[in-house]
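Numbering (my numbering), first residue to last: 295 to 568.
Beta carbons are placed, not taken as given, at the ideal position from N, Cα and C, and that holds for glycine.
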Ligand code: ATR
């Protein structure tokens, strides 16, 4: 019998997740279906309950429901760290929640770009949900330094404090800054986790922050953002978030099916379809 899965969001029409999971299923001979579900902004919980009653085995959760999902589930440690959930597993009456976003980013950087995060200087731009979702998995890779920079400095500082509370021994390499205080530093990996790609807005960051051979990673995908353009013109190697999207999906697929799909061919396939 075909096992049913879905991705729930609002909007959802442009989600590439069904294509990605169809490619994984074909590759690993898994009998699953995977569809997009548009939940009303005030109807996430009802939508999830409906899926459970119809026998779905699990779902991915995307914007804007990742925090609401967290409140409904038994969270994994990764979900607790992120304070948000992107993968649901329906086990009888229980809903397990996990977060595979940060792992997806780390895997893309390490495996697909071949860049070791350990001993690197990292800059995380943004202190919203997207940044919070990837902070812990990045720290677990033991960078020399991780600076969180944000337009609203207090939000970056509060992210820093949350981590320091949990893990005081390692807090020394974590720092929060405003964009205008970055001028005197260089970074090996710079990750844009702000939503400025959506609005085509440039960030007020100096060109001098891109160290020689630096990786500039935008968590958005689909087109070149102002951040990616600036990074490219400053000599950085530039990445968009498509690899992260496929890698987070692969981890969700593994949680559901117990098999790990190969991702590089799927990243290529989805990129060629764009
Ligand atoms: P998401 O879930 O995508 O992270 P969010 O939680 O609303 O969305 O966070 C958006 C992030 O993009 C924040 O870091 C925000 O900065 P503020 O905390 O100062 O609001 C950042 N951001 C959005 N628009 C921006 C802009 N025009 N310039 C700089 N940063 C911006």
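If one requires a minimum length of 4 residues, no alpha helix (DSSP H) run lies completely within the region 452 to 522.
With contacts defined by Cβ atoms closer than 7 Å, residue 318 and residue 547 form a contacting pair. For the pair residue 393 and residue 412, the CB atoms are not nearer than the 7 Å cut-off.
Across the structure, residue 376 and residue 307 are spaced so that their CA atoms are roughly 25 Å apart. Membership of residue 392 in any alpha helix (DSSP H) is not indicated; the residue belongs instead to the beta strand (DSSP E) covering 388 to 392. Closest by C-alpha distance to residue 506, out of 516, 532, 491, 454, is 532.
By the C-beta density criterion, residue 295 is exposed, having fewer than 16 other C-beta atoms within 10 angstroms. Shown in chain order are the residues whose CB sits closer than 7 Å to a heavy atom of ligand 1: 357, 420, 421, 422, 423, 424, 425, 444, 445, 446, 449, 487, 488, 489, 490, 493, 495, 497. The residue from 499, 348, 436, 360 with its alpha-carbon nearest to that of residue 386 is 348. With fewer than three CB-CB distances shorter than 8 Å, the region 363 to 371 does not count as touching the region 394 to 402. In this structure residue 331 is in contact with residue 341, their Cβ atoms being roughly 6 Å apart against a cut-off of 8 Å. Residue 551 counts as buried, since at least 16 other C-beta atoms from the protein chains shown sit within 10 angstroms of its C-beta. Looking at 511, 515, 549, 567, the one whose alpha-carbon comes closest to that of residue 404 is 511. DSSP places residue 296 outside any beta strand (DSSP E), giving it a letter other than H or E. The alpha-carbon of residue 441 is positioned some 16 Å away from that of residue 498. The Cβ atoms of residue 443 and residue 407 do not sit closer than 7 Å to each other. Fully enclosed alpha helix (DSSP H) runs of no fewer than 4 residues occupy 338 to 347 of the region 321 to 352, in order along the chain. Excluding sequence positions up to five before and after residue 359, its CB lies within less than 8 Å of the CB of 302, 303, 304, 333, 338, all in the same chain and listed in chain order. Annotated three-state conformation of residue 302 is strand, per DSSP. Secondary structure note for residue 558: its alpha helix (DSSP H) is the uninterrupted segment 558 to 567. Residue 420 places its beta carbon less than 7 Å from that of residue 488. Beta-bridge partners of residue 355 (DSSP): 302. DSSP places residue 442 in the strand class (E or B) of the three-state scheme. Rounded to whole angstroms, the gap between the alpha carbons of residue 475 and residue 452 is 17 Å.
Looking from the CA of residue 346, the closest CA among 298, 309, 316 belongs to 298. As the crow flies, the alpha-carbon of residue 535 is around 21 Å from that of residue 328. Counting the other CB atoms within 10 Å of its CB gives residue 490 a total of 16 or more, which places it among the buried residues.
For residue 568, the closest of 315, 515, 527, 369 by C-alpha to C-alpha distance is 515. Between residue 399 and residue 431 the beta-carbon gap is near 7 Å, inside 8 Å, which marks them as a contact.
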